[in-house]
Amino acid sequence: MARQDRQSGGAAGAGGGYRPDIDGLRGLAVLAVVLYHLDPALLPGGYTGVDVFFVISGYLITRIIAAEQAAGRFSFRDFYLRRVRRILPVLLVVVAATLLTGALVLLPAELEALAGTAAWSLAAAANLYFWRQPDGGYFADASAEQPLLHLWSLGVEEQFYLLWPALLVLLLVRGGRRPATWVTLALVAASFAHAEAINGTDPRAAFYLLPARAGELLLGALLALHGDWRPGTARARVLAEVLALAGLVALAWSLWRLDHSHAFPGLWALVPTGGAALVILAGGAGSRLLAWLLGARWLVAVGLLSYSIYLWHWPVLAFARYFAGGLSPALAASCLAVIAALSLASYRYVEQPARRWRPAPRRQLAWLYAFPAAAIAVAALALVQTQGMKQRIESSPRFQDGLARIEAEAQPALAFDYNCQLSAHDPDRLEDPRCLVGPGAEAGILLAGDSNAAQFVGLFDVLSAQAGVPVRNLSHSVCPPLFQGEYSFPPYKAGCDAFRPFLAEVLASGRFHTVVLGASWRHYAQVASFRADLEATLDALEAAGLRVFLVGQIPHHPGFNRHCERRGLRLGWVDCSRRLQRPDEGEPEWNRWLAEAASRRPGVRYLSTHGLLCAQGACRPVVAGRLAYFDPGHLSMEGSRALGHELLARPEAKAWLEVFEPVREAR
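Okay, so the sequence shown: first residue is 13 according to our numbering, each after it adds one.
Here is the structure:
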């Protein structure tokens, strides 16, 4: 059985005996991670599967070192050669394959970033690379398309392997297991306390760096140093089953309840890691429950493949998302099939042969790491030096023409000086002639709100030209056009707190007879008093004699990425219109609130873009066949204009042109 363990990669147990329950726990952990990365809604805490891996690794490594040290046969050379054979060959294959795929399909900036990740991963430092990136948060939307993001965990483990064996051997030689256990316990407490302390101030350091993660690995080490628990009485055997059940419950709770809103790691990480430790402890004590659940053949088989599955799953999913935006059920199923095939192949043809290959140590190190790592490093550094083959990829006239078109279409409203969107309050902007769009002298119409109002400047420029009447615009970033309630959000709090009463004063002054209000209603609707504050604002505007038009928020596209069409320039077959669409679920709740409030007031109208951007059961960030959005919730300026032209050709135009009617009647 010990020989089977060495050759299969299975988990060692008491006396070197094989522990199928630990391989089953590995299988459970990797399935949780894959499900989470397919869709966090499937298993909100699935990311904690990585923490379970940390506990298992700390347990097994410490057990091996302590047993060999006690037998007088521990060798640092042999230990690290085992790590080389176990970890590096398939890792290098995955890095090389990912880098090659990236060179064929990625845009220069993305390829350069991938090459940087690859280079750092060769030095066991991928976690340091992502920690250094300002947008390198693990839960950030953009992270889903970084093909080697998952190697951060390998960096943590490899750094642990470089430091822990020497400290452990020193502790064992100087004092034996008891002092080593107490020191390890102190390090566990210090690491978890450190992670908890910096979660609020430096969450990336807490997530990616070894000091905040070491406690999870050392929790497994503590278990190994404590030694096996062999229940000799019926009561003790019942206790083992109770502990097994408690561990499983802790793991299940973590997988279902520990979503990314929890500060992690830190104290919350004690739940999945403590659960894993209880499972390992009870499994070593012969728990029948764990033998039945985790010893199932299919789960053990997944556990044996877990390392390959973990390494392959993320690049496959990242490249799929890169081109498809989200993962449809059919695409997710295809990805799982590809992951399974690659994992089986690498396990059989890379992992297993590498573990069995035992020539001279220098030859092992050269062929299993040094030579292939050097080749990958040369390729990665060449890609960094050429900025991801920027000149080669972007030099063609077709690419340049397409890029110029896309850049023009994707400019946000903020890029144009006739959009008077403020990030700090400036009352003088109300008199700025640049803030008037459309022909003629000022006619008493104001477009106001936040960036979701500013995005309609292009649309109203088109409508103004049709009506022959100008519209003045004035907005403030992240600031609702509501006259009461608390809606101040850093870093715009000071400006917003001044802008809202200023807007109320201007609208009560009689300078304007019509106001069009737009905002990120979905954002502000999360405030409990939103509906009451909206009603109070509308009452105040009606009392001042104003005609009010409430513009509903445009359909939101969470998976939107404005780089989609740039990517299409590289390959030519990326269908952005299809990949960015989402099912039409009708007007969202906050827009329905606006419509309902308007319906009860004769001087208030509700205006909607839903019918312009949604049709045939789907909503698309596309107008007239071209991308119209700048980001998931905002139109680009050209998209806003295109929407205006589209509107004029539709029956909905009549409702929007009512904005200008009082002026035309007065003339």
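Backbone N, C-alpha and C fix where the C-beta goes; we use that ideal spot for every residue, glycine too.
query	result
Environment of A661 [buried if 16+ CB atoms lie within 10 Å]	exposed
Pairwise C-alpha distance: A136 and R367	20 Å
L659 in three-state terms, based on DSSP	helix
Exposed unless 16 or more other CB atoms sit within 10 angstroms - verdict on Q593	buried
Contiguous beta strand (DSSP E) assignments of at least 3 residues, all confined to the segment 494–561	526–530
Assigned exposure category for N621 - 16 Cβ within 10 Å defines buried	Checking the displayed sequence, the identity of residue 621 turns out to be Thr instead of Asn. With 16 or more Cβ atoms within 10 Å of its Cβ, T621 is classed as buried.
Given L293 as reference, the closest of L43, G278, L237 and L356 once Cα atoms are compared	L237
Start and end residues, beta strand (DSSP E) containing R484	V483 to H488
Rounded separation between F65 and Y220 - CA only	15 Å
Inter-residue spacing [alpha-carbon to alpha-carbon] between W280 and E363	34 Å
Residue(s) in a DSSP beta bridge with D643	H646
Contact check, W143 vs A217, beta carbons under 8 Å	yes
Cβ contact check for the segment 324–337 and the segment 260–274: 3 or more pairs under 8 Å	no
Check whether L3 and S69 have beta carbons under 8 Å apart	The structure shown does not extend to residue 3, since the chain is modelled only from 13 through 679, so no value can be given for it.
Closest by C-alpha distance to A455, when choosing among K666, V312 and N485	N485
Inter-stretch contact at 8 Å, needing at least 3 Cβ pairs: the segment 563–582 / the segment 640–648	yes
Neighbourhood of Y141 by C-beta, 7 Å cutoff - its chain only, sequence neighbours within 5 removed	G128, T129 and W132
6 Å Cβ shell around R249 - same chain, five flanking residues per side excluded	P243
A236 beta carbon near the ligand HEM (any heavy atom closer than 7 Å)	For the structure depicted, the ligand HEM is absent and the ligand set is empty, with no information on it obtainable.
Any 3 or more C-beta pairs closer than 8 Å across the segment 426–442 and the segment 593–605	no
Coarse secondary structure for A156, derived from DSSP in three states	helix
P59 versus D51: straight-line alpha-carbon distance, rounded	This sequence places Tyr at residue 59; Pro is not what is there. Distance between the alpha carbons of Y59 and D51: 11 Å.
Separation of Q403 from A14, as counted between CA atoms	Note that A14 has pLDDT 33, beneath the 50 cutoff, so the model's placement of it is unreliable and the number below is only indicative. Cα-Cα distance, rounded: 55 Å.
Per DSSP, the bridge partner or partners of P2	Coverage of the chain is limited to positions 13 through 679, which leaves residue 2 absent and any answer about it impossible.
Rounded separation between S611 and F561 - CA only	11 Å
Cutoff 6 Å; reference I166; Cβ partners in own chain excluding five residues on either side	The sequence given here places Leu at residue 166; Ile does not occur at that position. If we look at L166 and ignore the five residues flanking it on each side, it has no Cβ neighbours.
Whole-Å CB distance - L222 paired with E253, under 8 Å assumed	Not a contact, Cβ separation roughly 35 Å.
Unbroken alpha helix (DSSP H) run spanning V261, endpoints	A246 to R269
Neighbourhood of C447 by C-beta distance below 7 Å, restricted to the same chain and skipping five residues each side	Y430, C432, R441, R484, N485 and L486
E419 to A636 span [Cα, whole Å]	17 Å
Inter-residue spacing [alpha-carbon to alpha-carbon] between R94 and A345	35 Å
Beta strand (DSSP E) segment containing Y30, residue limits	Unbroken run through Y30: none, as it is neither H nor E.
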